[in-house]
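Reading through the structure tokens given below for one structure.
2 protein chains.
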Amino acid sequence: MIRVWIADDHTLFAQGLSRALDAVPDIRVVGIAASATELLENIVSQPAEVAITDLEMPGGGGAAVLGKLESTPVIVVSMHADEDQRRAAARAGAAGFFSKSAPLSVISAAIRAVAAGERLDPSDEAATEATLAGYSEPSLDPGAASLTDREKEILGHLARGVSATDELAEILFISQKTVKNHLASIFQKLAVSDRTQAAVEAIRLGLAEER
Amino acid sequence: MIRVWIADDHTLFAQGLSRALDAVPDIRVVGIAASATELLENIVSQPAEVAITDLEMPGGGGAAVLGKLESTPVIVVSMHADEDQRRAAARAGAAGFFSKSAPLSVISAAIRAVAAGERLDPSDEAATEATLAGYSEPSLDPGAASLTDREKEILGHLARGVSATDELAEILFISQKTVKNHLASIFQKLAVSDRTQAAVEAIRLGLAEER
DNA sequence: GGGTGAATAGGCCGTGAGGCCCACGGCACG
DNA sequence: CGTGCCGTGGGCCTCACGGCCTATTCACCC
Numbered sequence: 101m102i103r104v105w106i107a108d109d110h111t112l113f114a115q116g117l118s119r120a121l122d123a124v125p126d127i128r129v130v131g132i133a134a135s136a137t138e139l140l141e142n143i144v145s146q147p148a149e150v151a152i153t154d155l156e157m158p159g160g161g162g163a164a165v166l167g168k169l170e171s172t173p174v175i176v177v178s179m180h181a182d183e184d185q186r187r188a189a190a191r192a193g194a195a196g197f198f199s200k201s202a203p204l205s206v207i208s209a210a211i212r213a214v215a216a217g218e219r220l221d222p223s224d225e226a227a228t229e230a231t232l233a234g235y236s237e238p239s240l241d242p243g244a245a246s247l248t249d250r251e252k253e254i255l256g257h258l259a260r261g262v263s264a265t266d267e268l269a270e271i272l273f274i275s276q277k278t279v280k281n282h283l284a285s286i287f288q289k290l291a292v293s294d295r296t297q298a299a300v301e302a303i304r305l306g307l308a309e310e311r
Numbered sequence: 101m102i103r104v105w106i107a108d109d110h111t112l113f114a115q116g117l118s119r120a121l122d123a124v125p126d127i128r129v130v131g132i133a134a135s136a137t138e139l140l141e142n143i144v145s146q147p148a149e150v151a152i153t154d155l156e157m158p159g160g161g162g163a164a165v166l167g168k169l170e171s172t173p174v175i176v177v178s179m180h181a182d183e184d185q186r187r188a189a190a191r192a193g194a195a196g197f198f199s200k201s202a203p204l205s206v207i208s209a210a211i212r213a214v215a216a217g218e219r220l221d222p223s224d225e226a227a228t229e230a231t232l233a234g235y236s237e238p239s240l241d242p243g244a245a246s247l248t249d250r251e252k253e254i255l256g257h258l259a260r261g262v263s264a265t266d267e268l269a270e271i272l273f274i275s276q277k278t279v280k281n282h283l284a285s286i287f288q289k290l291a292v293s294d295r296t297q298a299a300v301e302a303i304r305l306g307l308a309e310e311r
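Here it is as structure tokens:
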């Protein structure tokens, strides 16, 4: 689980990005700040592995953050991906630079890469892309990664609200006993103790089936 | 349930806003477009009550959308909330104008207002604010609307994965019996039959408590 | 060919969940 | 001053959930 801080004065963007990243199984947003100072004040009590910030912010933008955060790598996300900003980010020591036009998948990969210690040179797009390729897959929790297809299928139904053993058995064309066996296995892998917690976890992992 | 289309070339912003709005109980995002043309092509097959767009987009921005969508009101969300843009939005016939610095709650309210037929004059901030005040509350499902504070609190914990009666009782400083009574009431109001379904519903309604 | 793991299924058992009663104090609203 | 509603509790009963163990079939793979 990678913990992330977001600093951006565009509240809508920050809130939206937060929600979107929370939906990524191995990433969790631990805080949102509207300014550089707010980020620096709060990241102490609520530590994170990665910080995401805009370059332009009223009252001290991304550059101020970059200078004062030694231990936490910072990814800069800007609306204008021009050369000036790219260079400015590189100078300030950003661990990565992306446009707000980038899709979520790229940012997720960048977060994983940076959390793993990689540095994505803002001025070298080709190298950045090559590095990100190695981080496209969500590193699922040790437990969730070992879920079998059948178990994921059951979790999908759970996440949709099908919770009763007899209903699950009917849908899956198997006996109620087998359903309970699968659930027991799921509980162990997800480190939970009942189907309610399993359902919550399933939704968090994005296993909810489309209706 | 208000259906919303989002058009913005800043993919990250669009995806984030989509997730954030989906978490609002009475709003659902039915499509995301990266350009004006993409929006106009797809909104036909996937209709919506409200469209949200940026003003500046490569290959025809918000103005193009505003001119061609007669039946669907359009809210313009821009990163620069300066007077020029404000006037441009007003001229083009926007049903509302907001900065990307606005909090999610304002956008949610604006969507409700616009869906209800209101027109938020981009050049009159005071009037806009006054109108929005009447649309701050999400119009919850008939069942969920009658939930008491205590019931919502319990649902919040359920949505976070606290499912055991004894744990809930400990957290809430009440007897296990009272927890079960509250749950029984919740089951009835949400038309579900166990706490797993209640947890799923709670997450859907955005009742998951902040960490 | 034998080992490994997934999917299927059964038994047994204790406790916890959910259904259905009722009760009482507090507080708001007419 | 009643009349509700909310939050708090109790009792009782049934059955399903979850824990633990064993077994069979099938596919895959070294």
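As they're listed, the protein sequences go chains S and D.
Under the numbering used here, the first residue of the first sequence carries the number 101, and numbering increases by one thereafter.
Under the numbering used here, the first residue of the second sequence carries the number 101, and numbering increases by one thereafter.
Don't be surprised by glycine CBs; every beta carbon is placed ideally from N, CA and C.
Remember, predicted model here, so these are calculated numbers, not experimental data.
Annotation: G217/S is outside any alpha helix (DSSP H) and is labelled neither H nor E by DSSP. With distances taken between CA atoms, A233/D lies nearest to R212/D out of K289/D, R212/D, N281/D, R250/D. Within the same chain, I102, V104, L121, S208, I211 come within 7 Å of I127/D by CB-CB distance, once the 5 residues on both sides are set aside.
For I303/S, the neighbours in chain D by C-beta distance under 8 Å run, in chain order, V300, I303.
A192/S and E141/S have their C-alpha atoms some 20 Å from each other. One thing to note: L247/S has its Cβ within 9 Å of the Cβ of L255/S.
Counting along the chain, F273/D sits inside no alpha helix (DSSP H), nor does DSSP assign it H or E at all. DSSP places I143/D outside both helix and strand once states are collapsed to three, so it counts as coil.
For A120/D, at least one C-beta of chain S is nearer than 9 Å to its own C-beta.
For K289/D, there are no C-beta contacts with chain S under 7 Å, since the nearest C-beta of that chain is about 15 Å from it. In this structure, the straight-line span from the alpha carbon of T231/D to that of L166/S is close to 41 Å. The shortest CA-to-CA distance from S205/S to any of A226/D, P222/D, Q115/D, K168/D is the one to Q115/D. If you draw a straight line from the Cα of A195/S to the Cα of H180/S, it is about 18 Å long.
The shortest CA-to-CA distance from A298/D to any of S263/S, Q185/S, P147/S is the one to S263/S.
For T153/S, the enclosing beta strand (DSSP E) covers residues 150-153.
Within the same chain, L155, S178 come within 7 Å of Q185/S by CB-CB distance, once the 5 residues on both sides are set aside.
Proximity of M179/S to chain D, defined by a Cβ-Cβ separation below 9 Å, is satisfied. From the listed residues D266/D, T278/D, E218/D, H282/D, the smallest Cα separation to E251/D is found for H282/D.
A distance of 9 Å or more separates the beta carbons of S201/D and T153/S.
Here the alpha carbons of E170/D and A151/D stand approximately 11 Å from one another. In the DSSP assignment, V177/S is bridged to F198/S.
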